[in-house]
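**Q** For reference, the structure I am asking about is given below.
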Amino acid sequence: MAMLVGIAVTAGIAVVAGVALTATDVVLRNAIDDQLLVQAQAAVKNAQFIVQRKDPYNPYDDEIVLGVTGIGGQHVQLIRPDGAVVQPAAMTHSYVRLPVDSQDALIAASQSGQRLRTVKVNGEEYRVATVAAYYSPMDLREQDIDSDRPLRLALQLARPMDDVTQTLRDLGLIMLVVGVIGVLGSMLAGLLVARAALKPVDAAADAAEHVARTQDLSALIPVTGTDEIARFAVSLNSMLRALEASKARQRQLIDDASHELRTPLTSLRTNVELLIRSEANPTRALPAADRTALLHDVDAQMRELTGLVSELVELARDEAPVEEIERFDLAGVVEAAVTRARRRATVKGIVIELTAEPSWVDGRPNMLERAVTNLLDNAVKFSPADSTVRVHTAAGEVVVSDEGPGIAPADRPHVFERFYRSTDARSLPGSGLGLAIVADAAHTHGGTVTAGQDPGGGARLRLWLPVAAAPLTEFAAASSEFAVRPGELAGPRPEDGPLGPGPSGAPGGEAGHPAPVSAPEPSRWASPT
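Per the UniProt record's numbering, the very first residue in the sequence shown carries number 1; after that it's consecutive.
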């Protein structure tokens, strides 16, 4: 990353330096051009002429020549319309003969236009301005030159460009030095910043490699700061914790399942081997009564294994619930579970009584129905024949009471643990997973489940879930559109409900209950309104 930063900074400095040098060159040359044109016009006005006779014996054979050689280190040259150069009055060592072409001669002949160009003379660069120079006979007489013909010339003014070239060279050198220092500094700063910024990323990479290498999910990433990378580290830590918890639950489930499956499988294998040996050796055949009892024992063990595997599958599914959360009436879920449990309870002549009041919760209805079903199955299993199981649900609570032997106080804290079975329950069929499934469902929904004693002597199991707001009814939704606002005609208040105002001015609906608020659409468990 530091290399990329260095390349980017180098490219940026190169572009800036190129633009700066180009702009400086353009600005300097434009300034020089403007100055040359002004000085060339001044030189036209200030030019001094003298008459130099070619033939001293011929008074008419004379030539007008320029009497000055330059202006402040600049070189001046006059051009005739035919391109010939007017010789200066005196040749000095600093005189420079400037090149002349047809365009310069055209300016002298037409007395219009001006020209700027760069030329090289003796290896030195000059900037040359060419302007028209017209001198009337009156102008010549002012310089004591008697002539009846005007002079149509062009004046060239040249300026050496070595100082401009040196300035640009020095500026380029300065920019080069500054650029190199800037690139090195930016690369160093970028390296330091990149190392500091990527420390959490390196830590995350190390943690991921550690997890992949060792399968150890306890290696968390140190979090420093509150920026996006810190949030990324926090998210990864949350994911690692969730994976570690899931792995621990899976490991615990496998350990418990292997322990619980080993005993019935061993007993089943022993019984099956005994039956096989009996069938293989007719002289040692089992009596009919023993054989029948053994077959019934095998059948019971198979049923126990089937139930255990089914509950293990359900518990494993509950480890990672995929059911969507929705708002529903808990009374509908309890009614569905009671309907299922009654089919099994009729075998023992057990009656399940239900009292239900609507209460809305947010959760997974199928998971909760299975949990309530397990509570009912547990009550039916421990209830004597021809007894009654009572179920009551209201305000997010489900209470199941039976007339069985109850749960000993020492066993109540453990009945919701996986595979836990009290001493009195070990002679009954079951795996010890039913109430563990209830506890997992309660924990998933942010609720609780407790075991106690019913006043009649049996067990009393209580499942509590957080209550959500009831959905807005169609009448309340419609009446809210016609609510009386301040200043409008008074009429029946929509909050009074169809039965008039509640007590003490409470909103309508059931007496003393708050007005319903909006909520998600009810699920298939919603009670009809």
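Note that the Cβ used here is the ideal one computed from N, Cα and C, for glycine as well.
The model shown is predicted, which means the values in this text are computed figures rather than measured ones.
Taking only the alpha-carbon atoms, compute the straight-line gap between Ala-285 and Ile-276 and give it to the nearest angstrom.
**A** Along the sequence shown, read from residue 1 onward, the residue named residue 285 stands at position 285. Along the sequence shown, read from residue 1 onward, the residue named residue 276 stands at position 276. Rounded to whole angstroms, Ala-285 to Ile-276 spans 10 Å at the Cα level.
**Q** Ser-258 by DSSP, collapsed to three states: which one?
**A** Counting from 1 along the sequence shown, the entry for residue 258 is found at position 258. Reduced to three states, the DSSP call for Ser-258 is helix.
**Q** Is it the case that the Cβ atoms of Ala-230 and Val-223 are separated by a distance below 9 Å?
**A** The residue given as residue 230 occupies position 230 in the sequence shown. The residue given as residue 223 occupies position 223 in the sequence shown. Contact flag set, yes.
**Q** Within 10 Å of its beta-carbon, does residue 530 have 16 or more other beta-carbons around it, so buried, or fewer, so exposed?
**A** The requested residue 530 does not occur in the structure, where the chain is confined to residues 1 to 529.
**Q** Note down the Cα distance separating Ala-194 from Thr-226, rounded to an integer number of angstroms.
**A** The residue given as residue 194 occupies position 194 in the sequence shown. The residue given as residue 226 occupies position 226 in the sequence shown. When rounded, the distance between both Cα atoms is 17 Å.
**Q** Hey, how far is the Cα of Gly-18 from the Cα of Ala-208?
**A** If you number the sequence shown from 1, residue 18 lands on position 18. If you number the sequence shown from 1, residue 208 lands on position 208. Their Cα atoms are separated by approximately 47 Å.
**Q** Mind checking whether His-443 and Met-367 have CB atoms under 9 Å apart?
**A** As a first step, residue 443 is located in the sequence shown; it is residue number 443 there, counting from the start. As a first step, residue 367 is located in the sequence shown; it is residue number 367 there, counting from the start. No, they are not a contact pair.
**Q** Could you tell me the distance, in whole angstroms, from the CA atom of Gly-123 to the CA atom of Arg-97?
**A** Locating residue 123 in the sequence shown gives position 123, where the first residue counts as 1. Locating residue 97 in the sequence shown gives position 97, where the first residue counts as 1. Cα to Cα, Gly-123 sits roughly 13 Å from Arg-97.
**Q** Would you mind giving the Cβ-Cβ distance between Leu-461 and Val-400, rounded to the nearest angstrom? I have them listed as a contact below 8 Å.
**A** Against the sequence shown, residue 461 aligns to sequence position 461. Against the sequence shown, residue 400 aligns to sequence position 400. The pair is a contact, with the Cβ atoms about 5 Å apart (cut-off 8 Å).
**Q** Using 10 angstroms around the beta-carbon of Val-15, count the other beta-carbons present and answer buried if the total reaches 16, otherwise exposed.
**A** Taking the sequence shown and counting its residues from 1, one reaches residue 15 at position 15. With fewer than 16 Cβ atoms within 10 Å of its Cβ, Val-15 is classed as exposed.
**Q** By DSSP, does Arg-327 sit in helix, in strand, or in coil?
**A** Translated into the one-based positions of the sequence shown, residue 327 becomes position 327. Reduced to three states, the DSSP call for Arg-327 is strand.
**Q** Would you please state the rounded distance, in angstroms, between the beta carbons of Gln-215 and Ser-267? I believe it to be under 8 Å.
**A** Within the sequence shown, numbered from 1, the residue matching residue 215 stands at position 215. Within the sequence shown, numbered from 1, the residue matching residue 267 stands at position 267. Actually they do not touch by this definition, with Cβ atoms about 35 Å apart.
**Q** Under the three-state reduction of DSSP, which class applies to Ser-401: helix, strand or coil?
**A** If you number the sequence shown from 1, residue 401 lands on position 401. Here Ser-401 sits in strand by DSSP.
**Q** Which class does Glu-142 belong to by DSSP, given the choice of helix, strand or coil?
**A** The residue labelled residue 142 in the question sits at position 142 within the sequence shown. DSSP places Glu-142 in coil when its eight states are reduced to three.
**Q** If we count the other Cβ atoms within 10 Å of its Cβ and call it buried at 16 or more, is Pro-492 buried or exposed?
**A** As a first step, residue 492 must be located in the sequence shown, where it is residue number 492. Bear in mind that the predicted position of Pro-492 carries a pLDDT of just 44, short of 50, making it too unreliable to give a figure here.
**Q** Can we say the stretch 328 to 345 touches the stretch 357 to 364, given the rule of at least three CB pairs closer than 8 Å?
**A** Contact holds: three or more Cβ-Cβ distances are below 8 Å.
**Q** Does Gln-166 pass the burial test, meaning 16 or more other C-beta atoms within 10 Å, or should it be called exposed?
**A** Counting from one through the sequence shown, the residue named residue 166 turns up at place 166. Exposed is the call here.
**Q** When the distance is taken between beta carbons, is Glu-353 closer than 9 Å to Val-389?
**A** Locating residue 389 in the sequence shown gives position 389, where the first residue counts as 1. Locating residue 353 in the sequence shown gives position 353, where the first residue counts as 1. Cβ atoms of Val-389 and Glu-353: closer than 9 Å.
**Q** Buried or exposed for Ile-79, please, with buried defined as at least 16 other CB atoms from any protein chain shown within 10 angstroms of its CB.
**A** Locating residue 79 in the sequence shown gives position 79, counting from the first residue. The residue is buried, with at least 16 neighbouring Cβ atoms inside 10 Å.
**Q** Would Arg-291 and Ser-278 be called neighbours here (beta carbons separated by less than 9 Å)?
**A** As a first step, residue 291 must be located in the sequence shown, where it is residue number 291. As a first step, residue 278 must be located in the sequence shown, where it is residue number 278. Cβ atoms of Arg-291 and Ser-278: closer than 9 Å.
**Q** Please classify Thr-346 as buried or exposed, where buried requires at least 16 other C-beta atoms within 10 Å of its C-beta.
**A** The residue given as residue 346 occupies position 346 in the sequence shown. So Thr-346 ends up on the exposed side.
**Q** Could you tell me the alpha carbon to alpha carbon distance between Ala-196 and Asn-237, rounded to whole angstroms?
**A** Against the sequence shown, residue 196 aligns to sequence position 196. Against the sequence shown, residue 237 aligns to sequence position 237. Answer to the nearest angstrom: the Cα atoms are 20 Å apart.
**Q** Comparing C-alpha positions only, which one of Gly-172, Thr-373, Ala-42, Leu-140 sits nearest to Thr-22?
**A** To locate residue 22, count along the sequence shown from 1; it is residue 22. Checked all of Gly-172, Thr-373, Ala-42, Leu-140; the closest Cα to Thr-22 is Gly-172.
**Q** With a 10 Å radius around its C-beta and 16 neighbouring C-beta atoms as the bar for buried, classify Gly-113 as buried or exposed.
**A** For the purposes of this step, residue 113 is identified with residue 113 of the sequence shown, where counting begins at 1. Exposed, since its Cβ has fewer than 16 Cβ neighbours within 10 Å.
**Q** Looking at C-alpha atoms only, which residue of Leu-37, Leu-176, Thr-448 is the closest neighbour of Val-398?
**A** Stepping through the sequence shown from its first residue, residue 398 is reached at position 398. Residue Thr-448 is the option with its Cα nearest to Val-398.
**Q** Between which two residues does the beta strand (DSSP E) harbouring Asp-362 extend?
**A** For the purposes of this step, residue 362 is taken as the residue at position 362 of the sequence shown. Here the beta strand (DSSP E) through Asp-362 covers 360 to 363.
**Q** Alpha carbon to alpha carbon, what distance is there between Val-415 and Ala-248?
**A** Locating residue 248 in the sequence shown gives position 248, where the first residue counts as 1. Locating residue 415 in the sequence shown gives position 415, where the first residue counts as 1. The alpha-carbon atoms of Ala-248 and Val-415 are separated by roughly 21 Å.
**Q** At 4 residues or longer, and completely inside the stretch 201 to 264: list those alpha helix (DSSP H) runs for me, N to C.
**A** Fully enclosed alpha helix (DSSP H) runs of 4 or longer: not present.
**Q** Give a yes or no on whether the C-beta atoms belonging to Gln-134 and Leu-116 are separated by under 9 Å.
**A** Stepping through the sequence shown from its first residue, residue 134 is reached at position 134. Stepping through the sequence shown from its first residue, residue 116 is reached at position 116. The sequence given here places Tyr at residue 134; Gln does not occur at that position. Contact flag unset, no.
**Q** Which of the three DSSP states, helix, strand or coil, is assigned to Leu-275?
**A** Taking the first residue of the sequence shown as 1, we reach residue 275 at position 275. Three-state DSSP puts Leu-275 in a helix.
**Q** Just to confirm my understanding: we take Ala-204, look at its own chain, exclude 5 residues before and 5 after, and list those with CB closer than 8 Å. What are they?
**A** To locate residue 204, count along the sequence shown from 1; it is residue 204. Contacts found: Ile-221, Phe-232, Ala-233, Leu-236.
**Q** Exposed or buried, what is Ser-246 when buried is set at 16 or more other beta-carbons lying within 10 Å of its beta-carbon?
**A** Your numbering for residue 246 matches position 246 in the sequence shown. Ser-246 should be labelled exposed.
**Q** Could you say which of Ala-436, Val-119, Ala-158, Arg-269 lies nearest to Val-76 if we only look at CA atoms?
**A** Looking up residue 76 in the sequence shown gives position 76. The residue with the shortest Cα to Cα distance from Val-76 is Ala-158.
**Q** Residues bridged to Lys-120 by DSSP?
**A** The count along the sequence shown starts at 1 and reaches residue 120 at position 120. Glu-125, per the DSSP bridge assignment.
**Q** Can you tell me whether Arg-460 is helix, strand or coil according to DSSP?
**A** In the sequence shown, residue 460 corresponds to position 460, counting from 1. Residue state, collapsed to three classes: strand.
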